[in-house]
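Asker: Quick one: the structure is below, and I'll ask about it shortly.
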Amino acid sequence: MRSPALKWLFIAAFGADPKQRLRIKRSLMAATVYLLCIGLQVYAYYVGYMHLDDALLLSAACVGNIAFWYAVLRSGINLRFQDPSLTLPQILSSLTIIVGAYSLTGPVHGSTMMLLALVLVFGIFNLKAKGAMIAGAYTVVIIGIAMGIKIQTDPVHYPFKLEFAHFWMTVAIVPTISSLAVQLSNMREKLKAQKNELAEALTRIQVLATRDELTGLVNRRHMLDVLDQHQKRLQRSGHHRFCLAILDIDHFKRVNDTHGHGVGDEVLRHFAEEAQKVMRDTDVLARWGGEEFLLLLNDTSPALANIGLERIRTHLASIVMAPSQPGLTATFSAGLTGYCDDEKLDVCIERADKALYKAKRDGRNRTVVQASPVELQDSQAAMDALQQQPSASDTVS
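Take any residue in the sequence shown, note its place counting from 1, add 1338, and you have its number in the working numbering.
As structure tokens, then:
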């Protein structure tokens, strides 16, 4: 486990953003090519193949290039570009410096050819197809120019026959590496597309598993999970109240028989949409089955929940439920009850269902509130307490 001081130094060097840290680490890892290049220059100078001024100039270019890209990444300037890693610009700058080393290291210049390949291999896993082709073409062109110049200016260390062999190997190897980079890039894009398709498919599956296809509401199965969570929350807190209401569209069968099932589907969709417009954000409406809906009214009492139901009823009375039938409106009957501590959910749902059937029997377009056993006990206790109080006449006497 890092000490606070080391952690501070780590954040100071690499930043707090994980993605930026990764980019900086990759850039510094690729900088090992420069260290190899500097080591080659030291050896070339030591054995007398390279002038001190050239070695110092090339080493300064290597160190400066490392510092430049570190500053760009650490400052966050890279985030302004489409590719925040700036892979292609880093590779092109590295290739340029290595070609410079090829031109200045004299008799040992052939060893720098491997560094060209190494730089391209570093980019093979990050470059896109277009970038890989640009890097490959740039390598062939710039090394060809450098070879042509050195054949003319230093034929002793850069003889034509040797440089022709070097160029031939470059033309053979570099396009192969670029081709591999293109293939890997295409594979990455394909895998990324498949990953996105899989994520979309999972999202669709989750929607199908939790939502009603017609209305877009929570379906019956998922609603039971939601109720179970609320029940557990009440058991943990001891004071989380909620009510359940079952809503049934009045005379819905008549709508289907008269206007057809297409209009019936329109009514169901609009009923769900319009009811949610006047519900609280904390309440949950579910398609319970057919023309029935289950409404969870969170953190409220039956009396207040009834006000919410009447708000829905008033709103629905003022709108057209099916655009294809301008004169068609809809009303609903509802059974409402409060959830009791520690009772089974199906018991509470059954109590709301019984209240719904009473609302239908009483004439529809109304809400019947069914008191829970606890509320009945509290009401009876209050009545008993009132009966036990002395009457006014008893007090006077």
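All C-beta atoms, glycine included, are put in the ideal place defined by N, C-alpha and C.
Give the straight-line distance between the Cα atoms of GLU1648 and PHE1670, rounded to the nearest whole angstrom.
Answerer: Roughly 10 Å between the two C-alpha positions.
Asker: What three-state label does DSSP hand ILE1657 in the structure shown?
Answerer: Note: ILE1657 maps to coil in three-state DSSP.
Asker: Could you please give me the residues that DSSP links to ALA1624 through a beta bridge?
Answerer: DSSP lists VAL1556 and LEU1632 as the beta-bridge partner residues of ALA1624.
Asker: I'd like to know if the region 1502-1515 and the region 1472-1480 are in contact, where contact means that at least 3 CB-CB pairs between them fall below 8 Å.
Answerer: yes
Asker: Grouping DSSP H, G and I as helix and E and B as strand, with all else coil, what is ILE1483?
Answerer: Reduced to three states, the DSSP call for ILE1483 is helix.
Asker: Tell me whether the region 1612-1628 and the region 1648-1663 touch, counting them as touching only if at least three CB pairs, one residue from each stretch, are closer than 8 Å.
Answerer: yes
Asker: To the nearest angstrom, how far is the alpha carbon of PHE1609 from that of VAL1658?
Answerer: 10 Å
Asker: Does the pairing of the region 1482-1499 with the region 1518-1525 give three or more beta-carbon distances under 8 Å?
Answerer: no
Asker: What does the alpha-carbon distance come out to for the pair SER1441 and ILE1462?
Answerer: 25 Å
Asker: Using the C-alpha atoms, what's the distance from GLU1688 back to MET1721?
Answerer: Its pLDDT being 47, under 50, MET1721 is placed unreliably in this model, and the value from its coordinates should be taken loosely. Cα to Cα, MET1721 sits roughly 27 Å from GLU1688.
Asker: Name the DSSP bridge partner or partners of THR1705?
Answerer: ALA1672
Asker: Whose C-beta lies closer than 6 Å to the C-beta of TYR1387 among residues of the same chain, with five residues either side of it excluded?
Answerer: GLY1444, PRO1445 and VAL1446
Asker: One question on the structure: do THR1425 and LEU1465 come within less than 7 Å of each other, judged by their Cβ atoms?
Answerer: Result yes, Cβ atoms of THR1425 and LEU1465 sit closer than 7 Å.
Asker: Check whether the region 1628-1645 and the region 1536-1552 are in contact - that is, three or more C-beta pairs closer than 8 Å.
Answerer: Three or more Cβ pairs closer than 8 Å define a contact, and the region 1628-1645 falls short of that threshold against the region 1536-1552.
Asker: Can you tell me the Cα-Cα spacing of TRP1346 and ALA1399, whole angstroms?
Answerer: 30 Å
Asker: Run through the region 1353-1392 for me and flag every whole beta strand (DSSP E) of 3 or more residues, listed as ranges in chain order.
Answerer: none
Asker: Look at GLY1676 and ALA1693 and say whether their C-beta atoms are less than 7 Å apart.
Answerer: no
Asker: Are the region 1549-1559 and the region 1590-1601 touching, with three or more C-beta to C-beta distances below 8 Å?
Answerer: no
Asker: What distance in whole Å lies between the Cβ atoms of ALA1519 and PHE1460, which are believed to be in contact at a cut-off of 8 Å?
Answerer: Their Cβ separation, rounded to whole angstroms, is 10 Å, which puts PHE1460 and ALA1519 out of contact at 8 Å.
Asker: Between the Cα of LEU1606 and those of GLU1551, LEU1572, ARG1559 and ILE1511, spot the shortest distance and give me the residue it belongs to.
Answerer: GLU1551
Asker: Using only the alpha-carbon positions, how far apart do PRO1664 and ALA1655 sit?
Answerer: Cα to Cα, the separation comes out at about 13 Å.
Asker: Assuming LEU1453 contacts ILE1436 (C-beta within less than 8 Å), just tell me the rounded distance between them.
Answerer: 5 Å
Asker: Output yes or no for whether 7 Å exceeds the beta carbon distance between ASP1700 and ILE1584.
Answerer: no
Asker: Could you tell me which of PRO1640, THR1667 and PRO1661 sits nearest to HIS1653, measuring between CA atoms?
Answerer: Taking only the C-alpha atoms, the option nearest HIS1653 is THR1667.
Asker: Cutting at 6 Å between CB atoms, please list the residues of its own chain near GLN1358, excluding the five before and the five after it.
Answerer: none
Asker: For the beta strand (DSSP E) containing ILE1584, name the first residue and the last one.
Answerer: 1580-1587
Asker: According to DSSP, simplified to helix, strand and coil, what is ARG1526?
Answerer: Looking at ARG1526 - three-state DSSP - the assignment turns out to be helix.
Asker: Can you list, in chain order, the residues of its chain whose CB lies under 6 Å from that of ALA1624, leaving out five sequence neighbours each side?
Answerer: Excluding sequence neighbours, ALA1624 sits near LEU1555, VAL1556, MET1561 and LEU1632.
Asker: Just curious, the alpha helix (DSSP H) that CYS1686 is in, first and last residue?
Answerer: Under the DSSP assignment, CYS1686 falls in the alpha helix (DSSP H) whose first and last residues are 1683-1699.
Asker: Does the Cβ-Cβ distance between CYS1286 and ALA1643 come in under 7 Å?
Answerer: This structure gives no information on residue 1286, because the portion of the chain shown stretches from 1339 to 1735.
Asker: Is CYS1678 closer than 7 Å to SER1710 when the C-beta atoms are compared?
Answerer: yes
Asker: For PHE1463, report the span of its alpha helix (DSSP H) as first-last.
Answerer: For PHE1463, there is no enclosing alpha helix (DSSP H), since its DSSP letter is neither H nor E.
Asker: Would you please state the rounded distance, in angstroms, between the beta carbons of GLY1474 and ILE1515? I believe it to be under 8 Å.
Answerer: GLY1474 to ILE1515, Cβ: 7 Å. Contact.
Asker: So the candidates are LEU1373, ALA1351, LEU1374 and TYR1372; which of them puts its Cα closest to the Cα of LYS1363?
Answerer: ALA1351
Asker: Do VAL1706 and LYS1696 come within 7 Å of each other at the CB atom, strictly closer than that value?
Answerer: Result yes, Cβ atoms of LYS1696 and VAL1706 sit closer than 7 Å.
Asker: Taking the C-alpha atoms as reference points, what is the distance between ALA1730 and ASP1586?
Answerer: Note that ALA1730 scores 45 on pLDDT, short of 50, meaning its location in the model is unreliable and no value can be drawn from it.
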